[in-house]
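A.B. asks:
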Amino acid sequence: MEGLYTYNKQNKIIPGVATKVVKPTNNGKTYTFNLKRNAKWANGQPVTAQDFVNSFRRTVDPKTKAQYANLYSAFKNYSAIQAGKLAPNKLGAKAIGRHKLQIQLTKRIPWFNDLAASKYLPLNTAAVKKYGQKYGTNASKTMADGPYKLVGWTGSNSSWKYVKNPHYWNAQNVKINQVNVSVTKDENTAINLFKSGKIQETTVTGQYVRANASNPDLKKHATGRLNYLYFNPQIKKTNSENLRKALGYIINQKTITQDVLQDGSKPALNMVIRGDQKNPKTGKDMAEDVGNLLPTSVSKAKNYWNKYLKESGKKSVTMNLLTDDTDEDKHIGACIQSIAQKNFKGLTINLTSLPHAQHVARDFDGKFELNLTGWSTNWRDSYDFLSLMAKDNSVNFAHWNDPTFNKLLNTANAKTGQARYDGLVQADKYLMKVMGCIPLYQPSEAKLISSKVGGLTYSLLNEAQYQYAYWK
Numbered sequence: 231m232e233g234l235y236t237y238n239k240q241n242k243i244i245p246g247v248a249t250k251v252v253k254p255t256n257n258g259k260t261y262t263f264n265l266k267r268n269a270k271w272a273n274g275q276p277v278t279a280q281d282f283v284n285s286f287r288r289t290v291d292p293k294t295k296a297q298y299a300n301l302y303s304a305f306k307n308y309s310a311i312q313a314g315k316l317a318p319n320k321l322g323a324k325a326i327g328r329h330k331l332q333i334q335l336t337k338r339i340p341w342f343n344d345l346a347a348s349k350y351l352p353l354n355t356a357a358v359k360k361y362g363q364k365y366g367t368n369a370s371k372t373m374a375d376g377p378y379k380l381v382g383w384t385g386s387n388s389s390w391k392y393v394k395n396p397h398y399w400n401a402q403n404v405k406i407n408q409v410n411v412s413v414t415k416d417e418n419t420a421i422n423l424f425k426s427g428k429i430q431e432t433t434v435t436g437q438y439v440r441a442n443a444s445n446p447d448l449k450k451h452a453t454g455r456l457n458y459l460y461f462n463p464q465i466k467k468t469n470s471e472n473l474r475k476a477l478g479y480i481i482n483q484k485t486i487t488q489d490v491l492q493d494g495s496k497p498a499l500n501m502v503i504r505g506d507q508k509n510p511k512t513g514k515d516m517a518e519d520v521g522n523l524l525p526t527s528v529s530k531a532k533n534y535w536n537k538y539l540k541e542s543g544k545k546s547v548t549m550n551l552l553t554d555d556t557d558e559d560k561h562i563g564a565c566i567q568s569i570a571q572k573n574f575k576g577l578t579i580n581l582t583s584l585p586h587a588q589h590v591a592r593d594f595d596g597k598f599e600l601n602l603t604g605w606s607t608n609w610r611d612s613y614d615f616l617s618l619m620a621k622d623n624s625v626n627f628a629h630w631n632d633p634t635f636n637k638l639l640n641t642a643n644a645k646t647g648q649a650r651y652d653g654l655v656q657a658d659k660y661l662m663k664v665m666g667c668i669p670l671y672q673p674s675e676a677k678l679i680s681s682k683v684g685g686l687t688y689s690l691l692n693e694a695q696y697q698y699a700y701w702k
């Protein structure tokens, strides 16, 4: 799929369906786009402004129950529509003819362009009308406007194809005609297929990354994700700043990335990942600019642990740490368990590892004490990560609420330019001071990519962009 914008080979935003990257008017709250007249769906129909409008309305309609409807929260009338007070057709998006789209926001959002390139996507109006709720349930009930169309996916099978869209406006520059995708649960099988030349790209993790360390086909890239340790403030024994600081000082992020993961993942420095935002004045990466606010100190950790035991009035405490049932999460959980139990007298940590869907269900039900969780961003701006701990964020699962942090964050986000950046830095520093959560690492994704393939790019926000790939 392609939105108003897309990303080039260097992962810079460029026009997609829109004719150009536009400058907003009305103090950053109104965007008016002219659409390419040669932008077409895979069936040859033109992509229209109404296709975007209908897609936006469908997403924000409470009846749709779209998980990411909040990505439209800055659109005019979004809140009233979500509350059922206004109809979806009152959303701040309208078609001005077939090839002009206007979006009205209630406030300026610095990350709008990233969303316009990755999330604000059109839907083929005729296809949605034809298939209704079954739209998107299999390949035959989808319609693409990007460089590839989906073929052969039944909704449950483990193999499908991305076939070049002959009607794509830039089809002449798409060199790979077809991408065959297959899912295998056995990583060793995938690697053997790669070695035999039957596949040209596969993801590798853990021991396979280490085993291929000297392989020139091994490529690593940072992801737009932060994994962190979260505490349940609704449970008395885990609602303690002393406990958070004790674990914060005893956990060594470098131990996790270098000894446990060994896959190129980066130890967290603070609540912001590398590559997410830059200082407007100096151009320096924000994570590096703020610096390491997560030092390891066994003596400080033990001091805070003793304070925690004193405030709790107990000599021993048993806690449960919830993780996904992946090898990665299990190993990290075991690492935290081992180092904490070794240094904190009277502490027992039990591990519970669940399939991701069950883990998420427990998150939203607040049924956990300690929680190994993570967040993948949709845009390049530190606010997305910092706001994870804001009182009204739906993924602040147990509603940790610090009025000082909320005020710092909201005040910063209401500003622009350097003042906004400086305010977000202060919010980050405060959050780490009180250790609202413990950032652990920014995951890296490792791939084996055949030397016969060139131009395959990845970024913080994007998986493989096959439209730029070619056979050497």
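For the sequence shown, the working numbering assigns the number 231 to the initial residue and increments by one for each residue that follows. Beta carbons: idealized from backbone N, C-alpha and C, even for Gly. All figures in this text were calculated on a predicted structure; none of them were measured in a lab.
#1: What residue from Ile569, Asp622, Val655, Asn457 has the CA that sits closest to Asn758's CA?
#2: If Trp609 sits next to Trp341, beta carbons under 8 Å apart, how far is it from one beta carbon to the other, in whole angstroms?
#3: Enumerate, from N- to C-terminal direction, the unbroken beta strand (DSSP E) stretches of 3 or more residues contained entirely within the region 453–496.
#4: Whether or not the region 541–555 and the region 581–590 are in contact is what I'm after, with contact meaning three or more pairs of Cβ atoms, one per stretch, closer than 8 Å; do they touch?
#5: Quick check: the region 442–456 against the region 528–537, are there 3 or more CB pairs under 8 Å?
#6: Give a yes or no on whether the C-beta atoms belonging to Arg328 and Thr278 are separated by under 7 Å.
#7: What residues match up with Lys330 in a beta bridge as DSSP calls it?
#8: Taking C-beta to C-beta, are Gly233 and Ala346 nearer than 7 Å?
#9: Kindly list the residues whose CB is nearer than 7 Å to the CB of Asp447, restricted to its own chain and excluding five residues on each side of it in sequence; keep chain order.
#10: Within this structure, are the beta carbons of Leu321 and Phe286 separated by less than 7 Å?
#11: Starting from Lys324, follow its DSSP beta bridges and name the residues at the other end.
#12: DSSP three-state label for Val547, please.
#13: Could you please give the first and the last residue of the uninterrupted alpha helix (DSSP H) stretch that includes Pro633?
#14: Quick one: measure Cβ to Cβ for Asp416 and Ala676, integer angstroms, because I've assumed they're closer than 8 Å.
#15: Run through DSSP, which three-state label would Gly571 get?
#16: Could you tell me the boundaries of the alpha helix (DSSP H) in which Ala498 lies?
#17: Spell out the partners DSSP gives Thr236 in its beta bridges.
#18: Lys514 and Pro497 look like a contact to me (Cβ under 8 Å); what is the Cβ gap, rounded to whole Å?
#19: Should Pro352 be labelled buried (16 or more other beta-carbon atoms within 10 Å of its own) or exposed?
#20: I think Leu499 touches Asn522, with their Cβ atoms under 8 Å apart; what is that distance to the nearest whole Å?
#21: Compare the beta carbon distance of Asn395 and Ala272 with 7 Å and say whether it is the shorter of the two.
#22: List the DSSP bridge partners of Gln408.
#23: Could you check what DSSP says for Glu675 in three-state terms: helix, strand or coil?
#24: Quick one: using the 10 Å Cβ neighbour count with 16 as the cut-off for buried, is Lys270 buried or exposed?
#25: If I measure Cβ to Cβ from Ala564 and keep anything under 8 Å in the same chain, skipping five residues before and after, which residues do I get?
#26: Looking at the unbroken beta strand (DSSP E) that takes in Thr603, where does it start and where does it end?
C.D. replies: According to the data block:
#1: Since the first residue of the chain shown is 231 and the last is 702, residue 758 is not available in this structure.
#2: 3 Å
#3: List check, beta strand (DSSP E) in window: 455–461.
#4: yes
#5: no
#6: Yes, Cβ-Cβ distance for Arg328 and Thr278 is below 7 Å.
#7: Asn264
#8: yes
#9: Leu678, Ile679, Ser680, Ser681
#10: yes
#11: Gln332
#12: strand
#13: 633–643
#14: Not really, about 17 Å apart at Cβ, beyond 8 Å.
#15: The sequence given here places Gln at residue 571; Gly does not occur at that position. Looking at Gln571 - three-state DSSP - the assignment turns out to be helix.
#16: No alpha helix (DSSP H) contains Ala498, which DSSP labels as neither H nor E.
#17: Answer is Ile244, bridged to Thr236.
#18: Incorrect: roughly 19 Å between the Cβ atoms, too far for contact.
#19: buried
#20: 5 Å
#21: yes
#22: Partner(s): Val393.
#23: strand
#24: buried
#25: Leu581
#26: 600–606 is the span of the beta strand (DSSP E), which, as asked, contains Thr603.
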